[in-house]
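So the sequence lines, in the order shown, correspond to chains A and B. Remember, this note's numbering sits 28 above the position in the first sequence when you count from 1. Remember, this note's numbering sits 225 above the position in the second sequence when you count from 1. For each residue, glycine too, the CB sits at the ideal point set by N, CA and C.
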Amino acid sequence: MTGNARRSGPPWSVDLLADLHAGALDPRTEAELRPLVENDPEAREILAALDATLDDLHNLPPIPMPRHVAERIDAALAEEARPTAPVIDFAQAKARRAKRLGWGAGLLAAAAVAVGVAVVAIPRDNTAGDGGIAQQDTTTNTPVTGSAVPPGSADLPAVRGENFGPVFGDVLKAQNYGPLENQEQLADCLRGANITAGKPLGVSPITLDDKPAVMAILPAGTPGAYRIVVVDPQTCGPDNPEGVLANSTIEP
Amino acid sequence: MTAAASSDADLITAHAAGDPHAFSELVRRHRDRMWAVALRTLRDPEEAADALQEAFISAFRAAASFRAESQVTTWLHRIVVNACLDRMRRRQTRPTVPLPEAGPGEPVAPRDAMAERETRLVVQAALNELPEEQRAPIVLVDVEGYSVAETAQLLGIAEGTVKSRCARGRAKLAKVLGHLRNQSADANVPVNDVQVQQGRQLEER
Numbered sequence: 029m030t031g032n033a034r035r036s037g038p039p040w041s042v043d044l045l046a047d048l049h050a051g052a053l054d055p056r057t058e059a060e061l062r063p064l065v066e067n068d069p070e071a072r073e074i075l076a077a078l079d080a081t082l083d084d085l086h087n088l089p090p091i092p093m094p095r096h097v098a099e100r101i102d103a104a105l106a107e108e109a110r111p112t113a114p115v116i117d118f119a120q121a122k123a124r125r126a127k128r129l130g131w132g133a134g135l136l137a138a139a140a141v142a143v144g145v146a147v148v149a150i151p152r153d154n155t156a157g158d159g160g161i162a163q164q165d166t167t168t169n170t171p172v173t174g175s176a177v178p179p180g181s182a183d184l185p186a187v188r189g190e191n192f193g194p195v196f197g198d199v200l201k202a203q204n205y206g207p208l209e210n211q212e213q214l215a216d217c218l219r220g221a222n223i224t225a226g227k228p229l230g231v232s233p234i235t236l237d238d239k240p241a242v243m244a245i246l247p248a249g250t251p252g253a254y255r256i257v258v259v260d261p262q263t264c265g266p267d268n269p270e271g272v273l274a275n276s277t278i279e280p
Numbered sequence: 226m227t228a229a230a231s232s233d234a235d236l237i238t239a240h241a242a243g244d245p246h247a248f249s250e251l252v253r254r255h256r257d258r259m260w261a262v263a264l265r266t267l268r269d270p271e272e273a274a275d276a277l278q279e280a281f282i283s284a285f286r287a288a289a290s291f292r293a294e295s296q297v298t299t300w301l302h303r304i305v306v307n308a309c310l311d312r313m314r315r316r317q318t319r320p321t322v323p324l325p326e327a328g329p330g331e332p333v334a335p336r337d338a339m340a341e342r343e344t345r346l347v348v349q350a351a352l353n354e355l356p357e358e359q360r361a362p363i364v365l366v367d368v369e370g371y372s373v374a375e376t377a378q379l380l381g382i383a384e385g386t387v388k389s390r391c392a393r394g395r396a397k398l399a400k401v402l403g404h405l406r407n408q409s410a411d412a413n414v415p416v417n418d419v420q421v422q423q424g425r426q427l428e429e430r
């Protein structure tokens with residue numbers, strides 16, 4: 029920095045004085061410059077301008093984290109804190125009970141780990157009985173065809189059954205309504221299952237058992253609780269409870 | 226253990242011991258300041274949110290092996306700053322979203338606060354125009370109040386480099402903000418700073 033001393037004196041180098049102002053000069057150069065600067069009105073004016081700039085920066089207001097971002101991060105951390113929570117989705121467990129004989133206990137344990145979240149089935153609307161998410165349990169592997177396939181669907185987060193854990197983080201970070209286009213259409217779809225929803229914490233097109241769907245993560249009303257909903261964008265609507273394919277909560 | 230009186234170090238210890246709420250409490254304590262840093266360095270709310278989420282998850286996973294060689298806050302803030310810097314390096318140039326005009330808690334004061342709010346907007350706009358290597362230290366030192374030493378540690382650069390980058394950035398800002406109106410504009414002031422200067426002149430009327 030000593031090289032800058034050659035430029036000391038009017039007309040002053042603003043960069044040199046900014047270095048002086050920031051304490052970025054070596055002590056010797058600073059000692060040489062100080063008396064020159066203090067006796068020069070132009071130099072003092074530049075230092076005052078730098079002080080005013082600092083004041084402007086100091087006075088920028090704090091920016092509190094928006095609530096939806098805080099909730100999203102809380103949800104991600106809550107999910108992270110429950111890597112081995114058991115699957116307790118009663119409706120799904122009921123639907124799968126018949127299959128258990130054919131599966132090893134170790135495989136079930138592995139599936140529970142993969143889910144990574146404790147999923148609790150929520151009763152659907154009064155007319156849906158204990159159907160829960162059972163309506164989506166048409167386990168056909170019909171290939172998705174035609175316009176139902178969003179472009180690039182091969183890259184969409186893929187969910188099998190109720191195994192939301194692997195895609196939870198990705199969906200939480202997304203605000204992509206896909207074929208539903210906007211929050212209003214999602215809300216219309218959820219209204220079909222008597223679910224009132226505001227802005228989701230995260231929403232993304234996914235595939236659910238190879239079918240195009242839209243998954244949303246919503247606040248569930250209590251701290252640390254989140255609701256996962258999946259809708260069929262082809263059929264969902266305010267009059268169609270069947271359009272909601274999954275409706276579960278994660279609880280602390 | 227997650228009581229407000231617990232220190233950050235206590236919370237990390239509790240987290241390592243399996244307290245499921247300890248880390249969230251730690252994040253809650255620091256998230257506003259980190260959000261401001263992320264937003265002001267990345268200039269894009271979505272990117273800032275993604276960076277923070279990644280950073281906090283990364284910290285969550287690493288926290289069990291945290292050793293008290295540095296303060297918890299420094300360690301946590303460094304992870305956040307690194308996440309932001311990684312994103313800044315990965316992206317090339319992309320349009321940015323204007324920052325919110327005011328914090329959500331700020332009252333709407335139609336007259337007296339208008340000029341002040343405009344000044345803040347002008348300052349934020351000028352800050353946004355700085356090169357990233359200058360903006361990051363200025364945000365940390367001059368806006369968020371980190372010390373030069375802390376900033377050097379957070380950014381992984383020498384203290385002298387922090388000072389000189391701050392000096393370069395402040396010199397540019399002083400010109401852009403009109404504090405050096407009588408000086409010849411010999412710094413590397415971007416073309417669109419003209420708009421910022423015009424904004425300030427409007428505000429000063």
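Identify every residue that forms a DSSP beta bridge with Y254 of chain A.
Here residue 254 of chain A refers to the residue found at position 226 of the first sequence. Paired residue(s): A:P247 and A:I278.
In angstroms with no decimal places, state the Cα-to-Cα distance between A244 of chain A and K400 of chain B.
Locating residue 244 of chain A in the first sequence gives position 216, where the first residue counts as 1. Locating residue 400 of chain B in the second sequence gives position 175, where the first residue counts as 1. Roughly 47 Å separates the two Cα atoms.
Hey, could you find the ends of the alpha helix (DSSP H) V297 of chain B is sitting in?
The residue you call residue 297 of chain B lines up with position 72 of the second sequence. Looking at the DSSP string, the run of the alpha helix (DSSP H) that includes V297 of chain B is V297 to R315.
The segment 365 to 396 of chain B: positions lying closer than 7 Å to chain A by Cβ
D367, V368, G385, K388, S389, C391, A392, R393, R395 and A396
I'd like to know whether the C-beta of T81 of chain A is nearer than 8 Å to at least one C-beta of chain B.
Against the first sequence, residue 81 of chain A aligns to sequence position 53. By this cut-off, T81 of chain A is an interface position.
Check T57 of chain A in the structure and name its three-state DSSP category.
To locate residue 57 of chain A, count along the first sequence from 1; it is residue 29. T57 of chain A falls in the helix class under three-state DSSP.
Three or more C-beta pairs under 8 Å: does that hold for the segment 80 to 97 of chain A against the segment 351 to 371 of chain B?
yes
Best match in A:H86, A:A104 and A:D198 for proximity to T208 of chain B [C-alpha to C-alpha]:
Given a span of 226 to 430 for chain B in the structure shown, any question on residue 208 of chain B remains unanswerable.
Residues sharing a beta bridge with Q203 of chain A, DSSP:
Position 175 of the first sequence, counted from the first residue, corresponds to residue 203 of chain A. In the DSSP output, where bridge partners are listed per residue, Q203 of chain A has A:V231.
Kindly list the residues whose CB is nearer than 7 Å to the CB of V373 of chain B, restricted to its own chain and excluding five residues on each side of it in sequence; keep chain order.
Residue numbering aside, residue 373 of chain B sits at position 148 when the second sequence is read from its first letter. Correct list, in chain order: V366, E384, V387 and K388.
Can you tell me which of the three DSSP states P269 of chain A falls into?
Numbered from 1 along the first sequence, position 241 holds the residue referred to as residue 269 of chain A. In the structure shown, P269 of chain A sits in a helix (DSSP, three-state: H, G or I).
Taking just the CA atoms, how far does V187 of chain A sit from D237 of chain A?
On the first sequence, position 209 is the one that residue 237 of chain A refers to. On the first sequence, position 159 is the one that residue 187 of chain A refers to. Straight-line Cα distance between these residues: approximately 6 Å.
What do you reckon, are the CB atoms on F281 of chain B and V252 of chain B nearer than 8 Å?
In the second sequence, the residue the question calls residue 281 of chain B occupies position 56. In the second sequence, the residue the question calls residue 252 of chain B occupies position 27. Yes, the pair counts as a contact, with Cβ atoms nearer than the cut-off.
Of all the options B:L405, B:R268, B:L379 and B:G394, which has the alpha carbon lying nearest to the alpha carbon of H302 of chain B?
Translated into positions along the second sequence, residue 302 of chain B becomes position 77. Selected option, being the one with the closest Cα: B:L379.
Which same chain residues, not among the five before or five after A49 of chain A, have their C-beta less than 7 Å away from its C-beta?
On the first sequence, position 21 is the one that residue 49 of chain A refers to. Looking at the sequence itself, residue 49 of chain A is His, so the reference to Ala does not match. The answer, listed in chain order, is L75 and L78.
Using three-state DSSP, classify D260 of chain A as helix, strand or coil.
Start at 1 with the first residue of the first sequence, and residue 260 of chain A comes out as number 232. Coil, per DSSP.
Can you give me the C-alpha to C-alpha distance between V147 of chain A and Q203 of chain A, rounded to a whole angstrom?
Against the first sequence, residue 147 of chain A aligns to sequence position 119. Against the first sequence, residue 203 of chain A aligns to sequence position 175. Unreliable positioning characterises V147 of chain A in this predicted model, as indicated by a pLDDT of 45, which lies under 50. The coordinate reading is nonetheless provided below. Cα to Cα, the separation comes out at about 22 Å.
Within a Cβ cutoff of 7 Å, which residues of the same chain sit near K227 of chain A, ignoring the five residues on either side of it in sequence?
Taking the first residue of the first sequence as 1, we reach residue 227 of chain A at position 199. Around K227 of chain A: H96 and Q211.
Taking 8 Å as the threshold (beta carbon to beta carbon), is H404 of chain B in contact with chain A?
Position 179 of the second sequence holds residue 404 of chain B. Interface residue, yes.
Which ranges does the alpha helix (DSSP H) cover as unbroken runs of at least 4 residues, wholly within the segment 368 to 404 of chain B, from first to last along the chain?
373 to 380 and 384 to 401
Using beta-carbon positions only, say whether A351 of chain B and V42 of chain A come within less than 8 Å of one another.
By one-based count along the second sequence, residue 351 of chain B stands at place 126. By one-based count along the first sequence, residue 42 of chain A stands at place 14. Contact: no.
Neighbourhood of Y254 of chain A by C-beta, 6 Å cutoff - its chain only, sequence neighbours within 5 removed
Position 226 of the first sequence, counted from the start, is the residue given in the question as residue 254 of chain A. The answer, listed in chain order, is A103, I245, A248 and I278.
Against chain A, which members of the segment 276 to 309 of chain B pass a CB distance test of less than 7 Å?
L277, Q278, F281, I282 and F285
Taking the C-alpha atoms as reference points, what is the distance between A215 of chain A and D267 of chain A?
Locating residue 215 of chain A in the first sequence gives position 187, where the first residue counts as 1. Locating residue 267 of chain A in the first sequence gives position 239, where the first residue counts as 1. The alpha-carbon atoms of A215 of chain A and D267 of chain A are separated by roughly 12 Å.
For the alpha helix (DSSP H) containing V364 of chain B, list its first residue and its last residue.
Locating residue 364 of chain B in the second sequence gives position 139, where the first residue counts as 1. No alpha helix (DSSP H) contains V364 of chain B, which DSSP labels as neither H nor E.
Express the C-alpha separation of Y371 of chain B and D233 of chain B in angstroms, rounding to a whole number.
As a working note, residue 233 of chain B is residue 8 in the second sequence. As a working note, residue 371 of chain B is residue 146 in the second sequence. Those two C-alpha atoms are separated by around 18 Å.
Residues of chain B with CB closer than 8 Å to the CB of I245 of chain A, please, in chain order.
Here the question's residue 245 of chain A lines up with position 217 in the first sequence. The contacting residues do not exist; I245 of chain A stays about 13 Å from chain B at best.
Could you name each continuous alpha helix (DSSP H) segment of 4 residues or more that falls completely within the segment 40 to 111 of chain A, going from the start of the chain to the end?
42 to 50, 55 to 66, 69 to 86 and 95 to 108
Contacts that L51 of chain A makes with chain B (C-beta to C-beta distance below 7 Å)
The residue labelled residue 51 of chain A in the question sits at position 23 within the first sequence. The amino acid at residue 51 of chain A is misidentified as Leu; the sequence shows Gly. Simply K388.
In its own chain, which residues sit with a C-beta less than 7 Å from the C-beta of C264 of chain A, not counting the 5 before and 5 after it?
Mapped onto the first sequence, residue 264 of chain A falls at position 236. The residues are C217, G220, G271 and V272.
Which of the three DSSP states is assigned to P356 of chain B in this structure?
Counting from one through the second sequence, the residue named residue 356 of chain B turns up at place 131. It is coil, neither helix nor strand.
According to DSSP, is A261 of chain B helix, strand or coil?
In the second sequence, residue 261 of chain B corresponds to position 36, counting from 1. Looking at A261 of chain B - three-state DSSP - the assignment turns out to be helix.
Please go through the same chain and pick out, in chain order, the residues whose beta-carbon is closer than 6 Å to the beta-carbon of P233 of chain A, but skip the five residues on each side of it.
Taking the first residue of the first sequence as 1, we reach residue 233 of chain A at position 205. Closer than 6 Å at Cβ, skipping near neighbours: P178, L184, G206 and V242.
Anyone know if the C-beta pair for R315 of chain B and L267 of chain B falls short of 8 Å?
In the second sequence, counting from the first residue as 1, residue 315 of chain B sits at position 90. In the second sequence, counting from the first residue as 1, residue 267 of chain B sits at position 42. No, the pair does not count as a contact, with Cβ atoms beyond the cut-off.
Option in A:P269, A:R100 and A:V257 with minimal Cα separation from N222 of chain A:
Translated into positions along the first sequence, residue 222 of chain A becomes position 194. Looking at the Cα atoms, A:P269 is the closest of the given residues.
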